[in-house]
Every structure is written in structure tokens, then in C-alpha cells.
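Adding 4 to a residue's 1-based position in the sequence shown gives its number in the working numbering.
Idealized CB from N, CA, C, for every residue including glycine.
Remember, predicted model here, so these are calculated numbers, not experimental data.
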Amino acid sequence: MGRTQKLWQGRFAETPDEDAVAFETSIFVDRRLALDDIAGSIAHVEMLGNTGVIPEGDGARIIEALGAIRDDLESGALQVDGTSEDIHSFIENELTARIGDAGKKLHTGRSRNDQIALDERLYLRRTIPALQGKIITLMETLTAIAGNHRFTLMPGYTHLQRAQPVTLAHHLCAWAEMLRRDWERLGDARSRMNLSPLGSGALAASSLPLDREETARRLGFGGVTANSLDAVADRDYCIETLSALALTMTHLSRFCEEVVLWSTEEFGFIALSERWSTGSSIMPQKKNPDFAELIRGRTGRVYGSLVALLTVMKGLPLSYNRDMQEDKQSLFDACDIVSDCLTVFAAMIGSAAWRVDRMRAACSGGFGNATDLAEYLVRRGMPFREAHGVAAGIVRLCIEKNCPIEDLPLGDLRAASPLIEGDVYDKLRPESCVEARDLPGGPAPRRTEEHIAALRDFCARSRQGGS
Ligand code: ARG
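In C-alpha cells form, the structure reads like this:
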């Protein structure tokens, strides 16, 4: 079979130009779907044989040959090359070359339109759990670090200004919590796409007595899609996955921004391991956080994939349009990037050293206990707005005197409010401030311990296949 010849070229007297074929070919992108395509074809042919749409003997021969093609692809004995336009025609060509006429029955009652919708769902069904597994690995890494740092004080920030003291554990668990939702979003996307489009044909199903439920069952789907036009026309399952991945990258990218900041001499909260740092070609002293920067940078490519696919889809009338072929590059690129970034981030953060002395030192000096002073007054009966004013006045005085609140003599404090007594100094220590924030979700070590336990439990359940 010549390079430009297609299985379904019969309507045309002319063969397409080389350039035309090169332009429309997608095989170098969609060849990654080869095994999914074969799995779908085997289920389809089993159903065709069972329903009597094709003779059972032909069905058995096709299935055997498809199995052999799969084995040869897996062993490398067969390579997907550019002789076919896409992976569907490559497999069909190969099948027909191997078993002749029986192979021509494979495509009975099927279109590449329902076939590609199937292949993508099968691909995502297996790829999403792999990505989720990497999210879990990262969550496990973070909770392991958090477990060692429930009492490690650090400033919490708003506007990147020191705000109130928290703990490193509390901070890391915030990221882990975001990752948990990323895991769930991917799972949601996966469960919504778990319906078989096979039997939708090109757009309007088939007049042949196909058993859609059987192919769905054989392929492990929860059911069949409800409308043939919809089934071949939408790529929302790709877009949902991409948006979940884009959000995962948002989280990783923000965390990377912190790693970059924290590894500066100015912050000095984290020391990345030399294995996950880079040097400079000119400045001998440099130790750069390039991996964090690369993850932050690759986030743009994942967003790009999401926007690319949204844009591909936005103007398409029903049902299938060839524009949709452009979905796979974006989808695969995003899956690959997120997979790599999760692995690299977990290794980078897991091997870093935490400079707890620097974090503790940063807790004093920024008036991070001013809110605690106001709440101290509230506990003694002062309305909060008034207490806020008193604490603000004390902060002003401290700025004048160039000292932290806890260094002011009691006389100065009592001049601001006679409700203040000697016990205030203990309440103003960062340890006490953190300990006192003992609400669900708060930074008190007791609460963080509960949160770490819940996150670990989530990870363990997801490892066992639950959620
Ligand atoms: N390669 C195509 C895609 O990814 C497969 C479907 C082609 N269908 C068609 N009618 N040309 O969408």
C-alpha cells in the first residue's frame, strides 16, 4: 500500500498531493493511542461476532490478529510509522495486511469519529490515575515534612508582608489540601467521561444491530453515551481534564514561587539540595532554584493547552469537525508536563533542608502578634474595633521606639489600656499565638496534627483504590 493511499479513497479518482497528506496526518501524535485503539477494536469485534453482525469465525481471526499486533507493538517488533494517516487506519491497514478480507470487517458499524472519542476516553481513564498517583506521592512527601514541623514557627504572609505566625506544618498542609482537591477534580473528570461512545458511528449511530451495552461492559465503562451527535462532537472530557491539570499547575507554580523566594539569602527559609539546584556558567558562587523556575515556566504551556482546546472547540457546529483532531497534542503535552512536574517537585521539596532558625527569627520584629494583642483585649471585654485601635497605637509607639511589642514595658502597655496585665507577655510569644489559634483548620499544633492525619488517611485510601 502506497504512502498516500487510503482504505476509503474509492470515491476519488485522484490521489491527494503529498503535501495534503502530510498536512492532515496525525499519526505521529495519535500513535500513543495504539494500545487503546486495539483494546477498543477487540471489544467491538467481540460484540460484532456475538450479535451475528459478522461471522464468529471472522471475529475470532480479527481478535487474534489484533492481539498479535498489540504484542508486536509492545515488543517493538512492529513500529508505528508514517505510512498511514492516523493510528486507526494504521491498525486497520496492518490487520488487513496480516489476515486479508476478514480484516475488512473490523470497521463494521464504526466510524473514526466514535473511535477517536473512545480511544481518548480509554487513554484518559488510564492516564488520570497515574497522575493522581503522583499527586498522592507529593502529598505524602509534604505530610511527612509537616509531621516533623508541627512546632516549627514561621511567619504567615498576606500581601507578602508578615501577618501572623503559623507553623511550617500548617503552611505545607495548605498546599497538600489544594493538591487533594486537584486529585478529586481529576477523579470527577474521569468518572464523568466513563461512558462508551462506541456505536455512535460517524454521528447518527448505525442501522446494524450493535450491542452498545456489551462493548461498554467489555471495556469497563459505566454505561453508554446518551446521544450519538454529542458523543462524537464534544471534547469536554479533554477540557475538564486540562482545566484540572491547569489548576494543579497553578498550585505547583505558586508553591515554586515560594521555593524561589524562600531559597534567597533574604528569606533563607529553605536550602535546596545540590541535586536539585543548578550552577551558573559564569558566577562560581551561584546555586539556583532552576527546577522550581522551570515548573513555574511550564505552567504557561499547560494553560496554553487548555486555552488552545477551548479555542478549537468554541466555534464548531455539531457534530464532528476535523478541527477536533488538534486536541491531542494539547492534551498529551499537558499530561506529560504535569506528570514530570509532579515528580520533580516531590523530589526537590523532599530533599530540601528547612532552615527553622531563620523562620523562627522572622517571626519576631514584624508585629505579627498585634492581632493577638487586640484579641487579648477582646477577651477582657473591649469591643474589637476599639481593641484594634489600642493595638495599632501600641504598634505606632513600638515603631517610634524601634522595638517589638513584647519589649515594651508594662507601663507603656497599660497606658494604652489598663485592661492589659503582666500575663500579656506570655500571650504575645509567637508559640502562644499559634497555640491559641485552636479552631478547626487553624495552626495550633493539635489541629495541624488532625489535618496531617486526615491527609495521610486520604492518601492511604486513595492508594487502596478509594477516595
Ligand atoms: N484523526 C481524527 C481525529 O483525531 C480521527 C477522526 C477522523 N474523522 C474524520 N471524519 N476525518 O479527530
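query                                                                                                                   : result
Near the ligand ARG: Tyr-241 beta-carbon under 7 Å from a heavy atom                                                    : no
Selection from Asn-54, Trp-187 and Val-311 that minimises the alpha carbon distance to Phe-462                          : Trp-187
Residues near Gly-6 by beta carbon distance below 7 Å, same chain, minus five either side                               : For Gly-6, the predicted structure reports a pLDDT of 44, less than 50, and the residue's modelled location is therefore unreliable. The matter cannot be settled from this model.
Supposed contact pair Arg-302 and Cys-345 - C-beta distance, whole angstroms, cut 8 Å                                   : 6 Å
Gly-224 (DSSP reduced to helix, strand or coil)                                                                         : coil
Where Tyr-3 sits in the DSSP three-state scheme                                                                         : This structure gives no information on residue 3, because the portion of the chain shown stretches from 5 to 471.
Sequence-distant residues of its chain with Cβ nearer than 8 Å to Asp-430 (five each side left out)                     : Ser-436
Heavy atom of the ligand ARG within 7 Å of Arg-302 beta-carbon                                                          : no
Residue closest to Glu-78, alpha-carbon to alpha-carbon, out of Thr-245, Leu-39 and Thr-282                             : Leu-39
Validate contact between the region 386–397 and the region 370–377 using beta carbons, cut 8 Å, 3 pairs                 : yes
Residue environment, Asn-152, which counts as buried when at least 16 other CB atoms sit within 10 Å                    : exposed
Residue span of the alpha helix (DSSP H) that contains Leu-157, given as start and end                                  : From DSSP, Leu-157 is part of no alpha helix (DSSP H) but of the beta strand (DSSP E) over 157–162.
Ser-281 CB to nearest heavy atom of the ligand ARG below 7 Å                                                            : no
Residues of its chain near Glu-89, where Cβ-Cβ distance is below 6 Å and the 5 sequence neighbours each way are ignored : Thr-29
Gln-333 - containing alpha helix (DSSP H), residue span                                                                 : 331–354
Buried or exposed (CB count within 10 angstroms, at least 16 for buried), Thr-245                                       : buried
Rounded separation between Lys-138 and Pro-20 - CA only                                                                 : 45 Å
Three-state secondary structure assigned by DSSP to Asn-198                                                             : coil
4 or more residues per run - each alpha helix (DSSP H) lying fully within the region 220–292                            : 232–237 and 240–266
Near the ligand ARG: Ile-42 beta-carbon under 7 Å from a heavy atom                                                     : no
Cβ neighbour criterion (16 or more within 10 Å) applied to Lys-405                                                      : exposed
Rounded Cβ spacing between Asp-118 and Leu-202 (contact assumed at less than 8 Å)                                       : 6 Å
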